[in-house]
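Chains as they are written, first to last, in the UniProt record's numbering: chain A, 1 to 210; chain E, 1 to 210. Note that CB positions come from ideal geometry on N, CA and C, so glycine has one too. Working notes for the structure below.
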DNA sequence: CTTCCGTCTTGACGACTGTCAAGAAATCTC
DNA sequence: GAGATTTCTTGACAGTCGTCAAGACGGAAG
């Protein structure tokens, strides 16, 4: 009975293994979705056997929650660089848009899983906590971007964080669907759109800030 | 073999029954979601037995697609009245916002099902057609509202239909989640938000149209 | 080497699923 | 009324699921 409780050997090895399992689970989870991804299928697309899951996780639910939380916790830090390094509003907007497009192509599976989990949270109580938590992370992420953008422009965000997040999330979700079904031009449209929309999200900048 | 093909008696009776079955299926579908709603559970929450589904529908997939398409085809006509009757921009915006709030409380289950189906369409090919179709309906619906709003204001929509739809859809989806988890004040916030946001969706109105 | 313990595999269990066939019930036709 | 046809119920089928127990493997400790 080594599982979750009393552990003698390197306790880090345990967490490391959990992460490895969760990461390889992401492959199947992001391809089949929350409902259709069985533990056997997840195990088949990995180096593990289907039984090992219950050695590292209580049940399927815990694996999935761990997986999406782990992924998203790094996801929400993706724009920290551009926020910190940009010196003009336009540079920030362009960097933001570029990274949006980049993650849309590179991490499409993860984003699909996230939207799946959030939607399922409306039907399954046990998912609500993690969904609400991550939604909060993402809202904060957007707020960091827009408020810094406003600061660089000598202005203020024109809308509260929740509204900014909802709007950008709606645009991103449509783009994700577009990428998933293979629609052409989605990426360039999203990039242009974000660049065009950012100025509308702050109050009119003061002409001479100094 | 009376099913889908050759029918002698009132062919309308057949369609009528399909609609009745689909409508009672909505109850369970909107409560449990696409994946977790089994045919037996759907039948239990209705006046039908679990086997009758295959008399009126090819399979589970066809039932669900029929159900969501039927529901949404009336859903997208919800704002036709306010669009036709409003004589000022503000009246249109207020009527739109009111009806948004109204459907959010009355038809929450249907909206949950729709978002579920659209999300699942990213994982399941067979859902993509109906999801894309309905997304188109909704985009047209939003376009009718905003373009009429702009017309009443003597202006033009400031963004293309797809962008307007994505933005409003993002806001609505967040509000739906809020309603589902029982967050307070969501409805009033959405109403105020829509009223405040509508002016930003059109170009600056011409002062004296005549 | 033997012993022990953390790690993992294998195989099985019961529950649940969509589907369908066989026949009962209801309705219509004459 | 009888007979035919549409409509529906019931029960079973094969398959899949999450879960878990029994034991195999591996390396470290003695």
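The beta carbon of residue 201 (chain A) lies closer than 7 Å to those of 146, 157, 158, 159 and 164 in the same chain, with the five residues before and after it left out.
Annotation for residue 43 (chain E): the continuous alpha helix (DSSP H) segment containing it runs 39–44. Contact annotation: the segment 58–76 of chain A touches the segment 23–37 of chain A, with at least three C-beta pairs closer than 8 Å.
Among the residues facing chain E, residue 150 (chain A) is not included, as its CB has no counterpart in that chain under 7 Å away.
At a C-beta separation below 7 Å, residue 36 (chain A) has these neighbours in chain E: 123. Residues of the same chain with a CB within less than 7 Å of the CB of residue 101 (chain E), apart from the 5 flanking positions on each side, are 187, 190 and 191 in chain order.
Residue environment for residue 16 (chain A): exposed (fewer than 16 other C-beta atoms within 10 angstroms of its C-beta). Around residue 169 (chain E), the beta-carbon contacts reaching into chain A at under 7 Å are 170. Close to chain A, meaning a Cβ-Cβ distance shorter than 9 Å, are the following residues of the segment 116–142 of chain E: 116, 118, 119, 120, 121, 122, 123, 124, 128, 131, 132 and 135. Taking 4 residues as the shortest admissible run, the UniProt domain "HTH tetR-type" (15–75) of chain A contains the following complete alpha helix (DSSP H) segments, listed from N- to C-terminal end: 39–44, 53–56 and 60–75. Counting C-beta atoms within 10 angstroms of its own C-beta, residue 53 (chain E) has 16 or more neighbours from the protein chains shown and is therefore classed as buried. Per DSSP, the unbroken alpha helix (DSSP H) holding residue 139 (chain A) starts and ends at 128–152. DSSP places residue 157 (chain E) in the strand class (E or B) of the three-state scheme. Measuring C-alpha to C-alpha distances from residue 141 (chain E) to each of E:11, E:57, E:162 and E:39 identifies E:162 as the nearest. Going by C-alpha positions, residue 23 (chain E) is about 34 Å away from residue 133 (chain A). Here the segment 114–132 of chain A makes contact with the segment 67–76 of chain A; the two share three or more CB pairs at distances below 8 Å. The C-beta distance from residue 131 (chain A) to residue 171 (chain E) rounds to 18 Å, too long to meet the 8 Å contact threshold.
For residue 80 (chain E), the enclosing alpha helix (DSSP H) has its first and last residue at 80–85.
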